[in-house]
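Undergrad: Using the working numbering, read the sequence shown as starting at 163 and increasing by one per residue. Don't be surprised by glycine CBs; every beta carbon is placed ideally from N, CA and C. Just so you know, these numbers come straight off a predicted model, no measurement behind them. Dropping the structure in here first, questions after.
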Amino acid sequence: MSERETSVVTSERETPVAASGRADVVVVGLGAMGSAALYQLARSGARVIGLDRFAPPHANGSSHGESRITRQSVGEGRDYVPLVLASHRIWRELEAETGEDLLNACGVVVMAPAGGASHHGKRDFVATSIAGAEAFGIPHEVLSGVEVGARFPQFLGLKGDEKAYYEPGGGYVRPERCIAAQLARAGELGAEIRTGTEVLAIAQDAEGVVVTTTGGTVRAAQAVVSAGAWTAPLLGRPFDRLLKVNRQLLHWYALDDTSAYGADAPVFIWMHGATDTDYLYGFPPMPGDPRLKVATEQYDGWTTADALDRVVRPEESAAMYERHVAGRLAGATPQVVQAAACLYTVTPDRGFIIDRHPAHDRVLVVAACSGHGFKHSAGIGEAVAQVMTTGRSTVDLAPFSLSRFT
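Written out as structure tokens, the structure is:
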């Protein structure tokens with residue numbers, strides 16, 4: 163976060179939220195980041211309005227598909243670890259408050275060939291994960307390919323010299339449930355939620371921010387913009403040159419045998435080659451569900467949120483199976499039971515942006531995506547609420563500032 167961030171505090175409370183729409187903070191976009199921020203702001207006692215052009219949770223952006231991997235030590239670097247640790251704490255708190263099942267700590271395996279491999283633009287992803295776990299005291303094990311194969315029989319074709327990071331506290335979260343739970347709690351705590359409301363423009367004047375929507379004008383002391391793939395079209399420069407949108411595909415293949423997937427079957431990230439595209443990730447089948455969800459990542463072409471091709475063609479699922487799944491995952495057949503398309507919004511270094519708009523110091527932009535955002539979202543929401551209400555957060559947000567691009 164830039165130096166100016168620490169001097170920003172919320173204005174004194176004005177009038178109650180009315181039809182004209184006035185609040186301490188308005189949150190634009192209520193997906194992973196926005197729902198978390200709205201919940202934490204409402205929890206802090208702030209008067210807050212949340213806006214979304216759809217009705218989250220929905221399948222139009224980046225936060226759908228039943229499950230998202232979470233791991234406490236992340237190969238993207240140590241700067242992210244405090245956020246994901248906070249997220250795990252918050253999800254457990256939400257589970258206690260709502261009775262929802264949000265976080266399944268079934269464990270996670272991250273493995274790469276001998277010599278390491280790149281992932282999310284980071285070199286030697288496994289070694290960085292290990293170093294982060296050691297630095298933060300996160301329980302983990304370092305395993306060879308032989309040990310992985312012996313412990314987890316769902317993994318086939320291992321050469322034996324792979325290096326793996328195993329974290330028993332990792333696993334997966336349910337994105338739709340997390341978003342719904344946070345929005346429900348935010349509403350119970352007094353947040354006003356307006357769905358089906360598209361934001362057309364955001365401006366700032368001497369009194370605060372002015373948000374023009376299809377449902378009228380909303381005024382607030384400050385704004386959080388967490389609009390995902392719609393962020394760059396909404397805000398323009400410099401975000402239109404920093405944020406690029408990729409189409410990503412999710413595939414569910416039928417299992418003809420689930421015996422290799424016991425109660426301790428982990429989620430996994432398997433780098434089987436040297437580049438960012440030589441890998442797959444996936445999830446164990448959920449109880450009573452004979453499907454295996456797997457995916458990889460594509461960075462070859464750009465799209466937009468509104469132009470996204472949402473149809474996953476049979477040949478795309480077939481190519482995924484042949485290149486990444488066949489011979490690697492026990493019981494997986496080429497039969498596609500389900501497929502879906504989603505969006506990655508990617509920065510040049512594949513890191514997050516959490517910083518004030520360079521032209522509007524009352525607007526905080528949260529473009530925390532790049533394909534690894536959801537696991538951090540609850541913690542980001544808490545940090546954003548702290549910045550909005552006190553001027554600073556307990557987590558260091560400086561690594562996510564815009565200044566690194568200039």
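(1) Residue range of the alpha helix (DSSP H) that residue 476 falls in?
(2) When the Cα atoms are used, what is the spatial distance from residue 233 to residue 429?
(3) According to DSSP, simplified to helix, strand and coil, what is residue 454?
(4) Which residue comes first and which comes last in the beta strand (DSSP E) that contains residue 461?
(5) Pick from 532, 544 and 307: whose alpha carbon is nearest that of residue 408?
(6) Can the beta-carbon of residue 348 be found less than 9 Å from the beta-carbon of residue 200?
(7) Could I get the ranges of all uninterrupted beta strand (DSSP E) runs contained in the region 414 to 440, with 3 residues as the minimum, in chain order?
(8) Which one of 231, 361, 499 and 477 has the shortest CA to CA distance from residue 266?
(9) If I follow the unbroken alpha helix (DSSP H) through residue 197, where does it start and stop?
(10) List the DSSP bridge partners of residue 406.
(11) Closer than 6 Å by C-beta to residue 262: which residues in its own chain qualify, once you throw out the five before and the five after it? Chain order, please.
(12) Which class does residue 165 belong to by DSSP, given the choice of helix, strand or coil?
(13) What are the boundary residues of the beta strand (DSSP E) that residue 550 is part of?
(14) Note down, in chain order, each residue of its chain lying with its Cβ closer than 7 Å to the Cβ of residue 452, except the 5 sequence neighbours on either side.
(15) Flag this pair as yes or no: are the beta carbons of residue 247 and residue 213 separated by less than 9 Å?
(16) Whole-angstrom Cβ separation of residue 404 and residue 510, contact assumed at under 8 Å?
(17) Would residue 321 be called buried (16 or more neighbouring beta carbons within 10 Å of its own) or exposed?
(18) When you compare each of 237, 236, 238 and 256 to residue 197 by their alpha carbons, which one comes out closest?
(19) Quick check on the burial criterion: 16 or more other C-beta atoms within 10 angstroms. Buried or exposed for residue 316?
(20) Whole angstroms are fine: how far does the CA of residue 351 sit from the CA of residue 205?
(21) Do you know whose CA, among 479, 251, 341 and 309, lies nearest residue 219's CA?
(22) Do residue 374 and residue 361 have their C-beta atoms closer together than 9 Å?
(23) At the level of alpha carbons, what is the spacing between residue 488 and residue 365?
(24) Looking only at its own chain, which residues have a Cβ that is under 7 Å from the Cβ of residue 493, when we skip the five neighbours before and after it?
(25) On a CA-only basis, which of 460, 424 and 363 is nearest residue 396? Give me that one, please.
(26) Spatial neighbours of residue 514 within its chain, please: CB distance less than 6 Å, with the 5 preceding and 5 following residues excluded, ordered by chain position.
(27) Which of the three DSSP states is assigned to residue 290 in this structure?
(28) Report the three-state DSSP secondary structure of residue 324 (helix, strand or coil).
(29) Alpha carbon to alpha carbon, how far is residue 356 from residue 551? Give it in angstroms, no decimals.
(30) Leaving out the 5 sequence neighbours to the left and right, which residues in its chain are closer than 7 Å to residue 544 when beta-carbon positions are compared?
(31) Buried or exposed: which applies to residue 258, given that a residue is buried once 16 or more other Cβ atoms fall within 10 Å of its Cβ?
(32) Could you check where the beta strand (DSSP E) with residue 306 kicks off and where it finishes?
TA: Looking at the coordinates:
(1) If you number the sequence shown from 1, residue 476 lands on position 314. First-last of the alpha helix (DSSP H) with residue 476: 476 to 482.
(2) Taking the sequence shown and counting its residues from 1, the one referred to as residue 233 is at position 71. Taking the sequence shown and counting its residues from 1, the one referred to as residue 429 is at position 267. Cα to Cα, residue 233 sits roughly 10 Å from residue 429.
(3) On the sequence shown, position 292 is the one that residue 454 refers to. Reduced to three states, the DSSP call for residue 454 is strand.
(4) Position 299 of the sequence shown holds residue 461. Run containing residue 461: none; DSSP gives neither H nor E here.
(5) Against the sequence shown, residue 408 aligns to sequence position 246. Comparing Cα-Cα distances from residue 408 to each of 532, 544 and 307, the minimum goes to 532.
(6) Translated into the one-based positions of the sequence shown, residue 348 becomes position 186. Translated into the one-based positions of the sequence shown, residue 200 becomes position 38. Yes.
(7) 429 to 433
(8) Position 104 of the sequence shown, counting from 1, holds the residue named residue 266. Taking only the C-alpha atoms, the option nearest residue 266 is 231.
(9) Working through the sequence shown from its first residue, we reach residue 197 at position 35. Element bounds for residue 197: 194 to 206.
(10) Start at 1 with the first residue of the sequence shown, and residue 406 comes out as number 244. Residue 406 pairs with 508.
(11) On the sequence shown, residue 262 is found 100 positions in, with the first residue counted as 1. So the list reads 339 and 343, once near-sequence residues are dropped.
(12) On the sequence shown, position 3 is the one that residue 165 refers to. Caution is warranted here: a pLDDT of 34 is assigned to residue 165, below 50, making its placement in the model unreliable, and no coordinate value can be reported.
(13) In the sequence shown, the residue the question calls residue 550 occupies position 388. Run containing residue 550: none in the beta strand (DSSP E); it sits in the alpha helix (DSSP H), 539 to 552.
(14) Sequence index remark: in the sequence shown, residue 452 carries index 290 (1-based). Cβ neighbours of residue 452 beyond the five flanking positions: 416, 417 and 420.
(15) Taking the first residue of the sequence shown as position 1, residue 247 is located at position 85. Taking the first residue of the sequence shown as position 1, residue 213 is located at position 51. Going by C-beta atoms, residue 247 is not nearer than 9 Å to residue 213.
(16) As a first step, residue 404 is located in the sequence shown; it is residue number 242 there, counting from the start. As a first step, residue 510 is located in the sequence shown; it is residue number 348 there, counting from the start. Indeed they touch by this definition, with Cβ atoms about 7 Å apart.
(17) The residue given as residue 321 occupies position 159 in the sequence shown. Exposed.
(18) Numbered from its first residue, the sequence shown carries residue 197 at position 35. If we check each option's Cα against that of residue 197, 256 comes out closest.
(19) Against the sequence shown, residue 316 aligns to sequence position 154. The residue in question, residue 316, is buried, as its Cβ has 16 or more Cβ neighbours within 10 Å.
(20) Locating residue 205 in the sequence shown gives position 43, where the first residue counts as 1. Locating residue 351 in the sequence shown gives position 189, where the first residue counts as 1. Distance between the alpha carbons of residue 205 and residue 351 is about 6 Å.
(21) The sequence position of residue 219 within the sequence shown is 57, counting from 1. Residue 219 has its Cα closest to that of 341, out of 479, 251, 341 and 309.
(22) On the sequence shown, residue 374 is found 212 positions in, with the first residue counted as 1. On the sequence shown, residue 361 is found 199 positions in, with the first residue counted as 1. Yes, they are a contact pair.
(23) In the sequence shown, counting from the first residue as 1, residue 488 sits at position 326. In the sequence shown, counting from the first residue as 1, residue 365 sits at position 203. Each residue's Cα considered, the two are about 52 Å apart.
(24) Position 331 of the sequence shown, counted from the start, is the residue given in the question as residue 493. Only 417, 418, 419, 420 and 422 meet the Cβ criterion.
(25) Position 234 of the sequence shown holds residue 396. When each option's Cα is compared against that of residue 396, the closest is 363.
(26) In the sequence shown, counting from the first residue as 1, residue 514 sits at position 352. So the qualifying residues of the chain are 530 and 562.
(27) Here residue 290 corresponds to residue number 128 of the sequence shown, with the count starting at 1. Residue state, collapsed to three classes: helix.
(28) Numbered from its first residue, the sequence shown carries residue 324 at position 162. Coil at residue 324, not helix or strand.
(29) As a working mapping, residue 551 is identified with position 389 in the sequence shown. As a working mapping, residue 356 is identified with position 194 in the sequence shown. If you take the alpha carbons of residue 551 and residue 356, they lie about 22 Å apart.
(30) Against the sequence shown, residue 544 aligns to sequence position 382. The answer, listed in chain order, is 202, 248 and 252.
(31) One-based indexing of the sequence shown puts residue 258 at position 96. By the neighbour-count rule (16 or more Cβ atoms within 10 Å), residue 258 is not buried but exposed.
(32) Here residue 306 corresponds to residue number 144 of the sequence shown, with the count starting at 1. Taken as a continuous stretch (DSSP letters only), the beta strand (DSSP E) holding residue 306 covers 303 to 306.
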